[in-house]
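Residues 1 to 542 in full-length UniProt numbering are what the sequence shown spells out, letter by letter.
We treat Cβ as the ideally placed atom computed from N, Cα and C, and that holds for glycine.
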Amino acid sequence: MKSQSHDMTNPPDLLLSDGTGPSTQRQPIFQNYLPPCNQGCPAGENIQGWLGLAHEQKFEQAWQLLIAENPMPAVHGRVCYHPCESVCNRANVDSSVSIHQVERFLGDMAIEQGWQPRFEARQSGKKVLIVGAGPSGLSAAYHLARLGHYVEVRDAGPIAGGMMHFGIPAYRLPRTILAAEIQRIEDMGVKFTLDHKVEDLKQEKSDGQFDAVFVAVGAHISRKVEIPAREAGHILDAVSFLRDVGKGEATKLGRRVAIYGGGNTAMDAARTAKRLGAEETLIIYRRNMEQMPAHQFEAEEALEEGVKINWLRTIKEINLDQITVEKMTLDEHGKPVPTGEFETLEADALILALGQNIDSELLACYPEITFKPDGTVIVDEQMMTARNGIFAGGDMVPCDRTVTIATGHGKKAARHIHAFLSGTVHRGRCKPPVADFESLNLWYLTEAEQTHQPTLPVDKRDHSFAEILGSLDTKQATFEASRCYSCGNCFECDGCYGACPEQAIIKLGEGRFYQIDYSRCTGCTACTLQCPTGAIHMVTTR
(Lines of atoms letter the chains of each structure in order from A and count residues from 1; the text may use other names and numbers.)
(Lines give C-alpha, C1' and ligand atoms only; values in the text may rest on other atoms or scores of the structure.)
Protein backbone atom coordinates (compact mmCIF):
# COMPACT_ATOMS: atom_id res chain seq x y z
CA MET A 1 0.00 0.00 0.00
CA LYS A 2 1.31 3.44 -0.91
CA SER A 3 2.13 5.26 2.30
CA GLN A 4 3.68 8.69 2.60
CA SER A 5 3.55 11.35 5.26
CA HIS A 6 2.28 14.77 4.12
CA ASP A 7 1.48 17.95 5.99
CA MET A 8 -2.21 18.68 5.44
CA THR A 9 -2.78 20.49 8.73
CA ASN A 10 -3.59 23.59 6.67
CA PRO A 11 -5.72 22.38 3.73
CA PRO A 12 -6.32 24.49 0.60
CA ASP A 13 -8.76 27.38 0.76
CA LEU A 14 -12.14 26.02 1.86
CA LEU A 15 -15.53 27.09 0.63
CA LEU A 16 -17.32 27.74 3.91
CA SER A 17 -21.06 27.68 4.54
CA ASP A 18 -23.46 26.69 7.26
CA GLY A 19 -24.21 23.41 5.53
CA THR A 20 -27.66 21.96 4.94
CA GLY A 21 -27.44 18.50 6.45
CA PRO A 22 -28.53 16.92 9.70
CA SER A 23 -25.24 17.81 11.44
CA THR A 24 -24.73 21.43 10.47
CA GLN A 25 -22.51 22.17 13.46
CA ARG A 26 -19.84 19.67 12.44
CA GLN A 27 -17.65 19.56 9.35
CA PRO A 28 -14.94 17.23 8.07
CA ILE A 29 -11.36 18.46 7.65
CA PHE A 30 -8.24 16.78 6.34
CA GLN A 31 -5.56 16.76 9.02
CA ASN A 32 -2.69 14.32 9.13
CA TYR A 33 -1.90 12.74 12.48
CA LEU A 34 1.44 11.34 13.65
CA PRO A 35 2.05 7.67 12.83
CA PRO A 36 2.91 5.70 15.99
CA CYS A 37 6.05 4.30 14.36
CA ASN A 38 7.39 7.81 13.76
CA GLN A 39 6.64 8.75 17.33
CA GLY A 40 8.30 5.59 18.65
CA CYS A 41 11.59 6.07 16.76
CA PRO A 42 14.36 7.43 19.05
CA ALA A 43 16.20 8.72 15.98
CA GLY A 44 13.13 10.65 14.82
CA GLU A 45 12.86 9.04 11.39
CA ASN A 46 9.92 9.67 9.07
CA ILE A 47 9.37 5.93 8.87
CA GLN A 48 6.00 6.09 7.18
CA GLY A 49 7.38 8.42 4.52
CA TRP A 50 10.31 6.25 3.47
CA LEU A 51 8.23 3.06 3.66
CA GLY A 52 5.85 4.63 1.14
CA LEU A 53 8.69 5.44 -1.24
CA ALA A 54 10.14 1.95 -0.81
CA HIS A 55 6.77 0.45 -1.68
CA GLU A 56 6.84 2.44 -4.93
CA GLN A 57 10.40 1.10 -5.46
CA LYS A 58 11.79 4.62 -5.30
CA PHE A 59 14.59 3.21 -3.24
CA GLU A 60 17.14 5.99 -3.46
CA GLN A 61 14.48 8.59 -2.63
CA ALA A 62 13.45 6.46 0.34
CA TRP A 63 17.06 6.26 1.51
CA GLN A 64 17.59 10.01 1.13
CA LEU A 65 14.49 10.66 3.25
CA LEU A 66 15.67 8.13 5.82
CA ILE A 67 19.18 9.58 6.18
CA ALA A 68 17.83 13.08 6.60
CA GLU A 69 17.32 11.89 10.20
CA ASN A 70 19.58 8.85 10.64
CA PRO A 71 22.98 8.58 8.91
CA MET A 72 23.47 4.82 9.41
CA PRO A 73 20.43 2.82 8.26
CA ALA A 74 22.41 -0.33 7.43
CA VAL A 75 23.72 -0.35 11.00
CA HIS A 76 20.38 0.44 12.62
CA GLY A 77 18.56 -2.11 10.49
CA ARG A 78 20.74 -4.65 12.29
CA VAL A 79 21.28 -3.46 15.86
CA CYS A 80 18.28 -1.27 16.71
CA TYR A 81 15.71 -2.98 18.91
CA HIS A 82 13.03 -1.36 16.72
CA PRO A 83 10.67 0.19 19.29
CA CYS A 84 8.81 1.51 16.23
CA GLU A 85 7.58 -2.02 15.55
CA SER A 86 6.31 -2.53 19.10
CA VAL A 87 3.83 0.36 18.59
CA CYS A 88 2.89 -0.47 14.99
CA ASN A 89 -0.91 -0.49 14.58
CA ARG A 90 -0.70 -3.47 12.24
CA ALA A 91 0.21 -5.69 15.20
CA ASN A 92 -3.48 -5.48 16.19
CA VAL A 93 -4.43 -7.29 12.97
CA ASP A 94 -1.66 -9.79 12.18
CA SER A 95 1.90 -8.66 12.90
CA SER A 96 3.78 -5.38 12.86
CA VAL A 97 5.49 -4.10 9.73
CA SER A 98 9.10 -5.32 9.82
CA ILE A 99 10.47 -1.81 9.60
CA HIS A 100 14.03 -2.78 10.48
CA GLN A 101 14.22 -5.23 7.57
CA VAL A 102 13.25 -2.55 5.03
CA GLU A 103 15.64 -0.07 6.66
CA ARG A 104 18.45 -2.61 6.41
CA PHE A 105 17.54 -3.31 2.78
CA LEU A 106 17.79 0.38 1.91
CA GLY A 107 21.02 0.81 3.87
CA ASP A 108 22.67 -2.15 2.18
CA MET A 109 21.50 -1.04 -1.27
CA ALA A 110 23.01 2.41 -0.66
CA ILE A 111 26.37 0.82 0.16
CA GLU A 112 26.22 -1.45 -2.89
CA GLN A 113 25.18 1.38 -5.22
CA GLY A 114 27.50 4.00 -3.72
CA TRP A 115 24.71 6.50 -3.00
CA GLN A 116 25.76 9.72 -1.32
CA PRO A 117 23.68 12.17 0.76
CA ARG A 118 22.16 15.01 -1.25
CA PHE A 119 21.98 18.30 0.61
CA GLU A 120 22.93 21.93 0.29
CA ALA A 121 24.70 23.81 3.05
CA ARG A 122 26.44 27.16 3.15
CA GLN A 123 29.76 26.92 5.00
CA SER A 124 29.38 28.67 8.35
CA GLY A 125 33.03 29.10 9.22
CA LYS A 126 32.32 27.61 12.65
CA LYS A 127 34.29 24.70 14.13
CA VAL A 128 32.85 21.97 16.33
CA LEU A 129 34.84 19.38 18.28
CA ILE A 130 33.17 16.04 18.96
CA VAL A 131 34.71 13.75 21.56
CA GLY A 132 33.76 10.15 20.91
CA ALA A 133 33.29 8.31 17.62
CA GLY A 134 30.38 6.15 18.75
CA PRO A 135 26.80 6.41 17.48
CA SER A 136 26.03 9.72 19.21
CA GLY A 137 29.24 11.42 18.10
CA LEU A 138 28.94 10.13 14.54
CA SER A 139 25.32 11.28 14.31
CA ALA A 140 26.16 14.75 15.60
CA ALA A 141 29.10 15.02 13.19
CA TYR A 142 26.93 14.02 10.24
CA HIS A 143 24.13 16.46 11.00
CA LEU A 144 26.51 19.33 11.78
CA ALA A 145 28.28 18.72 8.45
CA ARG A 146 24.91 18.85 6.69
CA LEU A 147 24.35 22.20 8.38
CA GLY A 148 27.60 23.61 6.99
CA HIS A 149 29.95 23.44 9.98
CA TYR A 150 33.53 22.16 10.12
CA VAL A 151 33.58 19.09 12.36
CA GLU A 152 36.42 17.12 13.90
CA VAL A 153 35.84 13.86 15.79
CA ARG A 154 38.49 12.76 18.27
CA ASP A 155 38.45 9.30 19.80
CA ALA A 156 40.78 7.27 22.00
CA GLY A 157 40.23 4.11 19.97
CA PRO A 158 42.12 2.98 16.89
CA ILE A 159 38.91 2.63 14.84
CA ALA A 160 35.82 4.83 14.69
CA GLY A 161 32.54 3.29 15.80
CA GLY A 162 32.88 3.19 19.57
CA MET A 163 30.88 0.42 21.21
CA MET A 164 29.32 -0.44 17.85
CA HIS A 165 32.74 -1.76 16.85
CA PHE A 166 34.16 -2.83 20.21
CA GLY A 167 30.98 -3.91 22.00
CA ILE A 168 28.60 -5.38 19.41
CA PRO A 169 29.87 -8.70 18.02
CA ALA A 170 30.43 -9.09 14.30
CA TYR A 171 27.72 -11.77 14.04
CA ARG A 172 25.23 -8.96 14.74
CA LEU A 173 27.03 -6.14 12.96
CA PRO A 174 29.54 -6.98 10.21
CA ARG A 175 32.51 -4.63 10.38
CA THR A 176 32.39 -3.92 6.63
CA ILE A 177 28.87 -2.49 7.00
CA LEU A 178 29.85 -0.27 9.92
CA ALA A 179 33.00 0.91 8.16
CA ALA A 180 31.09 1.79 4.97
CA GLU A 181 28.60 4.01 6.78
CA ILE A 182 31.36 5.74 8.77
CA GLN A 183 33.33 6.29 5.56
CA ARG A 184 30.31 8.07 4.07
CA ILE A 185 30.37 10.52 6.99
CA GLU A 186 34.09 11.07 6.51
CA ASP A 187 33.54 11.67 2.79
CA MET A 188 31.25 14.56 3.75
CA GLY A 189 34.30 16.38 5.11
CA VAL A 190 34.24 15.29 8.75
CA LYS A 191 37.78 14.90 10.11
CA PHE A 192 38.59 11.90 12.31
CA THR A 193 41.50 11.92 14.75
CA LEU A 194 41.88 8.44 16.25
CA ASP A 195 44.15 7.01 18.96
CA HIS A 196 43.75 10.35 20.67
CA LYS A 197 42.31 10.44 24.19
CA VAL A 198 40.98 13.85 25.18
CA GLU A 199 42.02 14.42 28.79
CA ASP A 200 41.76 18.21 29.16
CA LEU A 201 38.75 19.40 27.19
CA LYS A 202 39.31 23.07 27.92
CA GLN A 203 42.84 22.92 26.54
CA GLU A 204 41.84 21.04 23.41
CA LYS A 205 38.96 23.40 22.74
CA SER A 206 41.28 26.40 23.10
CA ASP A 207 44.15 24.93 21.08
CA GLY A 208 41.84 23.94 18.22
CA GLN A 209 39.86 27.19 18.38
CA PHE A 210 36.59 25.29 18.42
CA ASP A 211 33.38 27.26 18.79
CA ALA A 212 31.46 24.43 20.46
CA VAL A 213 32.04 20.92 21.79
CA PHE A 214 29.85 17.83 21.92
CA VAL A 215 31.02 15.18 24.39
CA ALA A 216 29.76 11.70 23.53
CA VAL A 217 32.13 9.29 25.24
CA GLY A 218 30.60 5.83 25.54
CA ALA A 219 30.21 3.81 28.73
CA HIS A 220 33.46 1.86 28.47
CA ILE A 221 34.21 1.29 32.16
CA SER A 222 32.86 -1.92 33.67
CA ARG A 223 31.15 -1.70 37.03
CA LYS A 224 32.97 -3.43 39.85
CA VAL A 225 31.55 -5.90 42.33
CA GLU A 226 33.06 -7.22 45.54
CA ILE A 227 33.09 -11.01 45.47
CA PRO A 228 34.99 -12.89 48.21
CA ALA A 229 37.75 -14.98 46.64
CA ARG A 230 40.00 -17.41 48.43
CA GLU A 231 42.00 -17.97 45.26
CA ALA A 232 40.86 -15.88 42.31
CA GLY A 233 40.71 -17.72 39.02
CA HIS A 234 40.61 -16.21 35.53
CA ILE A 235 38.27 -13.21 35.95
CA LEU A 236 37.72 -10.50 33.33
CA ASP A 237 35.10 -7.89 32.54
CA ALA A 238 32.75 -8.18 29.57
CA VAL A 239 33.55 -4.77 28.07
CA SER A 240 37.29 -5.47 27.96
CA PHE A 241 36.65 -9.00 26.68
CA LEU A 242 34.43 -7.82 23.82
CA ARG A 243 36.82 -4.95 23.04
CA ASP A 244 39.75 -7.37 22.78
CA VAL A 245 37.73 -9.62 20.48
CA GLY A 246 36.90 -6.55 18.36
CA LYS A 247 40.63 -5.83 18.10
CA GLY A 248 41.39 -9.41 17.16
CA GLU A 249 43.09 -10.02 20.50
CA ALA A 250 40.82 -12.66 21.98
CA THR A 251 41.74 -14.06 25.40
CA LYS A 252 42.00 -17.81 25.94
CA LEU A 253 39.07 -18.72 28.14
CA GLY A 254 39.24 -22.46 28.64
CA ARG A 255 36.61 -25.13 28.18
CA ARG A 256 34.01 -23.80 30.68
CA VAL A 257 33.08 -20.12 30.84
CA ALA A 258 30.65 -18.42 33.23
CA ILE A 259 29.16 -14.97 32.69
CA TYR A 260 27.73 -12.97 35.60
CA GLY A 261 24.91 -10.61 34.57
CA GLY A 262 21.62 -10.51 32.69
CA GLY A 263 21.90 -7.67 30.19
CA ASN A 264 22.54 -7.61 26.46
CA THR A 265 26.28 -7.37 27.10
CA ALA A 266 26.11 -10.62 29.09
CA MET A 267 24.34 -12.33 26.19
CA ASP A 268 26.91 -11.00 23.71
CA ALA A 269 29.79 -12.15 25.92
CA ALA A 270 28.31 -15.63 26.31
CA ARG A 271 27.64 -16.08 22.59
CA THR A 272 31.09 -14.73 21.75
CA ALA A 273 32.73 -17.17 24.17
CA LYS A 274 30.94 -20.03 22.42
CA ARG A 275 32.31 -18.85 19.09
CA LEU A 276 35.81 -18.70 20.52
CA GLY A 277 35.68 -22.39 21.40
CA ALA A 278 34.15 -22.66 24.88
CA GLU A 279 32.40 -26.00 25.19
CA GLU A 280 30.21 -24.91 28.09
CA THR A 281 28.94 -21.37 28.51
CA LEU A 282 26.81 -20.51 31.52
CA ILE A 283 25.11 -17.24 32.44
CA ILE A 284 24.46 -16.58 36.13
CA TYR A 285 21.70 -14.05 36.84
CA ARG A 286 19.94 -13.10 40.08
CA ARG A 287 16.47 -12.58 38.58
CA ASN A 288 14.29 -14.48 36.10
CA MET A 289 13.84 -14.14 32.35
CA GLU A 290 10.91 -11.75 32.65
CA GLN A 291 12.97 -9.31 34.75
CA MET A 292 16.28 -9.44 32.92
CA PRO A 293 17.47 -6.19 31.29
CA ALA A 294 18.44 -8.05 28.11
CA HIS A 295 15.91 -8.14 25.31
CA GLN A 296 14.09 -11.45 25.34
CA PHE A 297 15.06 -12.39 21.79
CA GLU A 298 18.73 -11.98 22.78
CA ALA A 299 18.29 -14.56 25.55
CA GLU A 300 16.30 -16.85 23.26
CA GLU A 301 19.03 -16.74 20.60
CA ALA A 302 21.67 -17.46 23.25
CA LEU A 303 19.71 -20.47 24.49
CA GLU A 304 19.25 -21.61 20.90
CA GLU A 305 23.02 -21.59 20.47
CA GLY A 306 23.57 -23.76 23.54
CA VAL A 307 24.24 -21.12 26.18
CA LYS A 308 22.88 -22.21 29.57
CA ILE A 309 21.29 -19.69 31.93
CA ASN A 310 21.08 -20.21 35.68
CA TRP A 311 18.21 -17.95 36.71
CA LEU A 312 17.79 -16.74 40.30
CA ARG A 313 21.41 -17.23 41.28
CA THR A 314 23.98 -14.85 42.74
CA ILE A 315 27.70 -15.43 43.22
CA LYS A 316 28.83 -15.62 46.85
CA GLU A 317 32.42 -16.81 46.56
CA ILE A 318 35.11 -17.75 44.04
CA ASN A 319 37.87 -20.28 44.60
CA LEU A 320 39.99 -20.90 41.50
CA ASP A 321 37.69 -22.76 39.10
CA GLN A 322 34.83 -23.16 41.57
CA ILE A 323 32.04 -20.62 41.92
CA THR A 324 29.70 -20.81 44.90
CA VAL A 325 26.26 -19.41 44.09
CA GLU A 326 23.23 -18.86 46.29
CA LYS A 327 19.76 -19.63 45.03
CA MET A 328 17.33 -16.72 45.10
CA THR A 329 13.58 -16.44 45.15
CA LEU A 330 11.29 -13.55 44.29
CA ASP A 331 9.22 -11.89 46.99
CA GLU A 332 5.73 -10.44 46.49
CA HIS A 333 7.26 -7.31 44.96
CA GLY A 334 9.37 -9.25 42.48
CA LYS A 335 12.58 -8.52 44.37
CA PRO A 336 15.15 -11.34 44.57
CA VAL A 337 15.83 -12.51 48.12
CA PRO A 338 18.35 -15.14 49.28
CA THR A 339 17.18 -18.63 50.25
CA GLY A 340 20.25 -19.86 52.13
CA GLU A 341 20.66 -22.69 49.62
CA PHE A 342 24.03 -22.90 47.85
CA GLU A 343 25.51 -24.83 44.97
CA THR A 344 28.93 -25.01 43.37
CA LEU A 345 29.60 -24.46 39.66
CA GLU A 346 32.84 -25.04 37.81
CA ALA A 347 34.32 -22.61 35.30
CA ASP A 348 37.76 -21.99 33.83
CA ALA A 349 36.95 -18.29 33.38
CA LEU A 350 34.42 -15.83 34.79
CA ILE A 351 33.28 -12.82 32.76
CA LEU A 352 31.64 -10.00 34.74
CA ALA A 353 28.84 -8.23 32.81
CA LEU A 354 27.27 -6.04 35.47
CA GLY A 355 26.89 -2.79 33.56
CA GLN A 356 29.13 0.06 32.50
CA ASN A 357 30.05 3.51 33.76
CA ILE A 358 31.27 6.57 31.90
CA ASP A 359 34.65 8.29 32.13
CA SER A 360 33.97 11.97 32.78
CA GLU A 361 37.47 13.03 33.80
CA LEU A 362 37.86 15.13 30.67
CA LEU A 363 35.18 17.47 32.03
CA ALA A 364 36.96 18.06 35.35
CA CYS A 365 38.47 21.24 33.88
CA TYR A 366 35.00 22.80 34.01
CA PRO A 367 34.01 22.83 37.73
CA GLU A 368 30.61 24.33 36.93
CA ILE A 369 29.53 21.17 35.07
CA THR A 370 27.38 19.00 37.34
CA PHE A 371 26.72 15.28 37.48
CA LYS A 372 24.13 12.76 38.63
CA PRO A 373 25.08 10.35 41.46
CA ASP A 374 25.81 7.69 38.83
CA GLY A 375 28.35 9.98 37.16
CA THR A 376 26.26 10.97 34.13
CA VAL A 377 26.34 14.61 33.05
CA ILE A 378 23.44 16.95 33.71
CA VAL A 379 22.33 18.83 30.58
CA ASP A 380 19.46 21.19 29.85
CA GLU A 381 16.76 20.88 27.18
CA GLN A 382 19.29 22.06 24.58
CA MET A 383 21.65 19.23 25.67
CA MET A 384 24.10 21.85 26.92
CA THR A 385 25.97 21.40 30.18
CA ALA A 386 26.35 24.16 32.76
CA ARG A 387 29.32 25.38 30.72
CA ASN A 388 28.27 27.55 27.80
CA GLY A 389 29.08 25.87 24.48
CA ILE A 390 29.81 22.42 25.96
CA PHE A 391 27.13 19.89 25.01
CA ALA A 392 26.82 16.20 25.94
CA GLY A 393 24.75 13.21 24.86
CA GLY A 394 24.59 9.47 24.41
CA ASP A 395 25.87 7.39 27.32
CA MET A 396 27.22 10.57 28.94
CA VAL A 397 23.72 11.71 29.98
CA PRO A 398 20.93 9.91 31.91
CA CYS A 399 19.12 7.66 29.40
CA ASP A 400 18.65 4.11 28.21
CA ARG A 401 21.86 3.09 26.50
CA THR A 402 21.07 1.94 23.00
CA VAL A 403 22.58 2.78 19.62
CA THR A 404 19.39 4.40 18.36
CA ILE A 405 18.83 6.57 21.42
CA ALA A 406 22.45 7.73 21.17
CA THR A 407 21.94 8.49 17.47
CA GLY A 408 18.87 10.55 18.29
CA HIS A 409 20.87 12.47 20.90
CA GLY A 410 23.50 13.28 18.29
CA LYS A 411 20.90 14.71 15.91
CA LYS A 412 19.20 16.68 18.65
CA ALA A 413 22.52 18.06 19.88
CA ALA A 414 23.55 19.03 16.34
CA ARG A 415 20.42 21.12 15.91
CA HIS A 416 20.92 22.87 19.23
CA ILE A 417 24.63 23.41 18.53
CA HIS A 418 23.71 24.89 15.14
CA ALA A 419 21.30 27.27 16.85
CA PHE A 420 23.91 28.15 19.47
CA LEU A 421 26.48 28.95 16.78
CA SER A 422 23.86 31.00 14.92
CA GLY A 423 22.90 32.99 18.01
CA THR A 424 19.39 31.56 18.10
CA VAL A 425 17.44 28.85 19.95
CA HIS A 426 16.22 25.71 18.19
CA ARG A 427 12.49 25.18 18.56
CA GLY A 428 11.05 21.82 17.61
CA ARG A 429 7.76 21.63 15.74
CA CYS A 430 4.59 20.90 17.67
CA LYS A 431 3.58 17.34 16.92
CA PRO A 432 0.01 16.43 15.94
CA PRO A 433 -1.91 13.73 17.84
CA VAL A 434 -0.87 10.12 17.33
CA ALA A 435 -3.03 7.99 15.06
CA ASP A 436 -4.19 5.07 17.20
CA PHE A 437 -5.63 1.82 15.92
CA GLU A 438 -9.22 2.85 16.71
CA SER A 439 -8.96 5.80 14.30
CA LEU A 440 -8.37 3.52 11.29
CA ASN A 441 -11.10 2.11 9.03
CA LEU A 442 -9.54 -1.05 7.64
CA TRP A 443 -12.44 -2.21 5.51
CA TYR A 444 -10.30 -2.96 2.46
CA LEU A 445 -7.42 -4.95 3.91
CA THR A 446 -6.75 -8.65 4.34
CA GLU A 447 -4.24 -10.27 6.64
CA ALA A 448 -0.66 -10.50 5.37
CA GLU A 449 1.90 -11.87 7.80
CA GLN A 450 5.30 -10.27 8.31
CA THR A 451 8.06 -11.40 5.96
CA HIS A 452 10.36 -13.96 7.55
CA GLN A 453 13.94 -12.74 7.88
CA PRO A 454 16.55 -15.27 6.66
CA THR A 455 18.54 -16.78 9.54
CA LEU A 456 21.84 -18.65 9.62
CA PRO A 457 21.22 -22.21 10.90
CA VAL A 458 22.45 -22.85 14.43
CA ASP A 459 24.82 -25.62 13.34
CA LYS A 460 26.69 -23.11 11.15
CA ARG A 461 27.30 -20.60 13.95
CA ASP A 462 29.88 -22.56 15.96
CA HIS A 463 33.34 -20.98 15.82
CA SER A 464 32.05 -18.46 13.27
CA PHE A 465 31.31 -14.74 13.51
CA ALA A 466 29.33 -14.85 10.25
CA GLU A 467 26.23 -12.66 10.37
CA ILE A 468 23.23 -14.53 11.77
CA LEU A 469 20.38 -12.56 10.20
CA GLY A 470 20.11 -12.10 6.45
CA SER A 471 18.54 -9.46 4.21
CA LEU A 472 15.34 -9.31 2.20
CA ASP A 473 15.40 -9.24 -1.58
CA THR A 474 13.75 -6.47 -3.60
CA LYS A 475 10.42 -8.26 -3.92
CA GLN A 476 10.26 -9.04 -0.20
CA ALA A 477 11.25 -5.51 0.84
CA THR A 478 8.64 -4.01 -1.47
CA PHE A 479 5.98 -6.33 -0.08
CA GLU A 480 6.94 -5.58 3.52
CA ALA A 481 6.74 -1.84 2.85
CA SER A 482 3.29 -2.38 1.31
CA ARG A 483 2.04 -3.71 4.66
CA CYS A 484 2.18 -0.18 6.11
CA TYR A 485 -1.31 1.19 6.88
CA SER A 486 -0.24 4.85 6.39
CA CYS A 487 -1.72 5.53 9.82
CA GLY A 488 -3.04 9.07 10.15
CA ASN A 489 -1.87 10.23 6.73
CA CYS A 490 -3.82 10.62 3.48
CA PHE A 491 -2.39 8.70 0.53
CA GLU A 492 -5.02 9.74 -2.05
CA CYS A 493 -6.95 6.49 -2.20
CA ASP A 494 -10.05 8.40 -3.44
CA GLY A 495 -12.23 6.65 -0.85
CA CYS A 496 -13.61 9.93 0.44
CA TYR A 497 -14.20 11.12 -3.12
CA GLY A 498 -16.26 8.02 -3.92
CA ALA A 499 -18.11 7.95 -0.59
CA CYS A 500 -19.41 11.53 -0.54
CA PRO A 501 -23.10 11.51 -1.58
CA GLU A 502 -23.05 15.27 -2.24
CA GLN A 503 -19.91 15.34 -4.42
CA ALA A 504 -18.38 17.80 -1.96
CA ILE A 505 -14.88 16.28 -2.24
CA ILE A 506 -12.81 17.89 -4.98
CA LYS A 507 -9.73 16.10 -6.36
CA LEU A 508 -6.84 18.51 -6.88
CA GLY A 509 -4.54 16.15 -8.76
CA GLU A 510 -1.78 13.72 -7.77
CA GLY A 511 0.27 14.99 -4.87
CA ARG A 512 -2.14 17.89 -4.19
CA PHE A 513 -4.78 15.85 -2.37
CA TYR A 514 -8.34 17.13 -1.90
CA GLN A 515 -10.48 20.16 -1.15
CA ILE A 516 -13.89 20.15 0.52
CA ASP A 517 -16.73 22.26 -0.89
CA TYR A 518 -18.60 23.08 2.30
CA SER A 519 -21.48 24.59 0.33
CA ARG A 520 -22.31 21.01 -0.67
CA CYS A 521 -21.20 19.19 2.51
CA THR A 522 -24.06 18.05 4.76
CA GLY A 523 -21.86 16.82 7.61
CA CYS A 524 -23.02 13.24 7.08
CA THR A 525 -19.56 11.80 8.07
CA ALA A 526 -19.48 9.36 5.13
CA CYS A 527 -15.96 10.51 4.20
CA THR A 528 -14.71 10.21 7.77
CA LEU A 529 -16.16 6.77 8.34
CA GLN A 530 -14.54 5.29 5.25
CA CYS A 531 -11.11 6.99 5.48
CA PRO A 532 -8.78 4.00 5.98
CA THR A 533 -5.96 6.01 7.53
CA GLY A 534 -7.98 8.23 9.85
CA ALA A 535 -6.82 11.42 8.12
CA ILE A 536 -10.30 13.03 7.98
CA HIS A 537 -11.74 14.40 11.21
CA MET A 538 -15.07 15.94 12.14
CA VAL A 539 -14.74 19.29 13.89
CA THR A 540 -17.26 21.58 15.55
CA THR A 541 -17.98 24.71 13.55
CA ARG A 542 -19.94 26.68 16.16
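Please classify residue i as buried or exposed, where buried requires at least 16 neighbouring CB atoms within 10 angstroms.
i	result
ALA466	exposed
ILE378	exposed
ALA273	buried
VAL539	exposed
LEU253	buried
THR402	buried
GLN27	buried
GLY495	buried
HIS452	exposed
LYS191	exposed
GLU204	buried
VAL198	buried
Looking at C-alpha atoms only, which residue of the options is the closest neighbour of residue i?
i	options	result
PRO228	MET267, ARG256 and GLU317	GLU317
THR522	CYS37, PRO501, ALA54 and HIS537	PRO501
HIS234	MET267, SER464, ASP155 and GLU346	GLU346
GLY261	LEU253, ARG255, ALA270 and GLY254	ALA270
PRO117	PRO135, TRP63 and HIS333	TRP63
HIS333	THR314, GLN291 and PHE342	GLN291
ARG255	VAL245, LYS197 and ARG275	ARG275
ILE417	TYR150, THR404 and GLY375	TYR150
MET396	ALA216, HIS463, ARG26 and PHE119	ALA216
GLN503	CYS493, GLY509, ILE516 and GLU492	ILE516
GLY511	ARG520, THR265, PRO73 and GLU492	GLU492
HIS295	VAL131, GLU304, ARG520 and MET267	MET267
PHE342	ASP348, ILE323 and ALA353	ILE323
LEU201	GLY389, GLN183 and GLY125	GLY389
THR265	GLU279, ALA302 and GLU280	ALA302
Do residue j and residue i come within 7 Å of each other at the CB atom, strictly closer than that value?
i	j	result
VAL434	LEU34	yes
ARG223	ASN357	yes
CYS84	ILE47	yes
VAL128	ALA212	yes
ALA499	CYS524	no
LEU350	ALA258	yes
PRO457	GLY470	no
THR344	GLU326	no
residue 548	ALA160	Any question about residue 548 goes unanswered here, given that the chain covers just 1 to 542.
ALA180	ALA414	no
GLY77	ARG104	yes
ARG146	HIS196	no
LEU178	VAL75	yes
HIS143	LYS412	no
GLY148	GLN113	no
GLY394	ALA386	no
MET383	PHE391	yes
TYR171	ILE369	no
VAL225	LEU354	yes
ASP237	LEU352	yes
Got a sec? Which residues, its chain only, sit under 8 Å from residue i by beta carbon, not counting five neighbours each side?
i	result
TRP311	TYR285, ARG287, ASN288 and MET289
PRO432	THR9, GLN31, ASN32, TYR33, LEU34 and GLY488
LYS247	PRO158 and PHE166
GLN450	ASP94, SER95, SER96, VAL97, SER98, GLU480 and ARG483
ILE221	VAL239, GLN356, ASN357, ILE358 and ASP359
ALA121	ALA145, ARG146, LEU147 and GLY148
Counting only the same chain and skipping the five closest in sequence on each side, list residues whose C-beta sits under 6 Å from that of residue i.
i	result
ASN92	PHE437
LYS308	LEU282
PRO73	LEU66, GLU103, LEU106 and GLY107
GLN61	LEU53
SER23	With a pLDDT of 49 at SER23, under the threshold of 50, the modelled position of that residue is not reliable, and no figure is offered here.
Suppose the cutoff is 7 Å on Cβ atoms and the five residues either side in sequence are ignored; what does the same chain contact list for residue i look like?
i	result
TYR444	PRO532
THR176	none
CYS37	ILE47, GLN48, CYS84, VAL87, CYS88 and ILE99
GLN209	LYS127
GLN57	THR478
PHE59	LEU106 and MET109
Margin query: So within the region 235-286, which uninterrupted beta strand (DSSP E) runs reach at least 3 residues, ignoring any that extend past its ends?
Written below: 256-260 and 280-284
Check: Along the chain, which unbroken stretches of the beta strand (DSSP E) at least 3 residues long are found entirely within the region 435-509?
Finding: 505-507
Next item on the list: Any chance you could list the beta strand (DSSP E) runs of at least 3 consecutive residues sitting entirely within the region 124-199, in chain order?
Entry: 127-131, 150-154 and 191-193
Next item on the list: Could you tell me which uninterrupted alpha helix (DSSP H) segments, each at least 4 residues in length, are contained entirely in the UniProt domain "4Fe-4S ferredoxin-type" (512-541), listed from first to last along the chain?
Entry: 526-530
Next item on the list: Pick out the complete beta strand (DSSP E) segments inside the region 347-416, 3 residues or longer, and give them in chain order.
Entry: 349-352 and 390-392
Notebook entry, point to check: Considering only residues of the region 207-232, which uninterrupted beta strand (DSSP E) runs meet the minimum length of 3 residues and lie entirely inside it, listed in chain order?
Noted result: Considered as a whole, the region 207-232 harbours 212-215 and 229-231 as its complete beta strand (DSSP E) runs of no fewer than 3 residues, in chain order.
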